[in-house]
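Trainee:
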Amino acid sequence: MTVAEWNAKHPVGTWVDFRDASNRFSARTESEAWELGDGTPVVLIAGKSGCVGLSFLTVSPTCAQCKAPIHRGTEIVSGTCHSCERDNREERYGE
Ligand SMILES: [Zn+2]
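Each residue of the sequence shown is one higher than the last, beginning at 256 in the working numbering.
#1: Under 8 Å, do F273 and V307 count as touching if we go by C-beta distance?
#2: Here's the rule: buried if 16 or more other CB atoms are within 10 angstroms of the residue's CB, otherwise exposed. What is E335?
#3: Ignore the nearest five residues each way along the sequence and tell me which others in I325's own chain have a CB closer than 8 Å to its CB.
#4: A301: which of E290, E346, C339 and A282 sits nearest, CA to CA?
#5: Is T335 near ligand 1, with its Cβ less than 7 Å from a heavy atom?
#6: Using the three-state DSSP reduction, which class does V267 fall into: helix, strand or coil?
#7: Would you say the beta carbon of S281 is closer than 7 Å to some non-hydrogen atom of ligand 1?
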């Protein structure tokens with residue numbers, strides 16, 4: 256993916272999964288992506304000093320309602336996270 260494509264699709268604040276040999280965590284991006292001198296596309300993310308290559312990132316699916324990241328491995332029902340899902344159910348059936 257080019258820097259221009261990334262920036263068009265993933266604005267600053269997008270939730271991503273960072274993964275390298277020793278770490279894995281979810282974080283928000285803190286900058287637009289840019290290219291290093293050698294052409295490597297990189298971006299700043301929260302919790303990590305210095306820029307990280309886009310190749311280490313996967314964009315997290317986010318809840319259609321509250322925009323929180325839905326972690327991989329979580330079953331996604333109707334595009335919302337479990338907490339919104341529960342609220343919606345209670346609204347529908349609760350008294
Ligand atoms: Zn939600």
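Where is the CB? At the ideal position from N, CA and C, for every residue including glycine.
Mentor: Quick answer:
#1: Position 18 of the sequence shown, counting from 1, holds the residue named residue 273. Position 52 of the sequence shown, counting from 1, holds the residue named residue 307. Yes, Cβ-Cβ distance for F273 and V307 is below 8 Å.
#2: For the purposes of this step, residue 335 is taken as the residue at position 80 of the sequence shown. Note that residue 335 is Thr in the sequence shown here, rather than Glu. Classification for T335: buried.
#3: Taking the sequence shown and counting its residues from 1, one reaches residue 325 at position 70. Cβ neighbours of I325 beyond the five flanking positions: S315, P316, T317, C318, I331 and C336.
#4: Here the question's residue 301 lines up with position 46 in the sequence shown. The candidate whose alpha carbon is nearest that of A301 is A282.
#5: One-based indexing of the sequence shown puts residue 335 at position 80. T335 Cβ: within cutoff of ligand 1.
#6: Within the sequence shown, residue 267 is the residue found at index 12, counting from 1. Looking at V267 - three-state DSSP - the assignment turns out to be coil, as it is neither helix nor strand.
#7: Residue 281 sits at position 26 when you count from the first residue of the sequence shown. No, the Cβ of S281 stays beyond 7 Å of every heavy atom of ligand 1.
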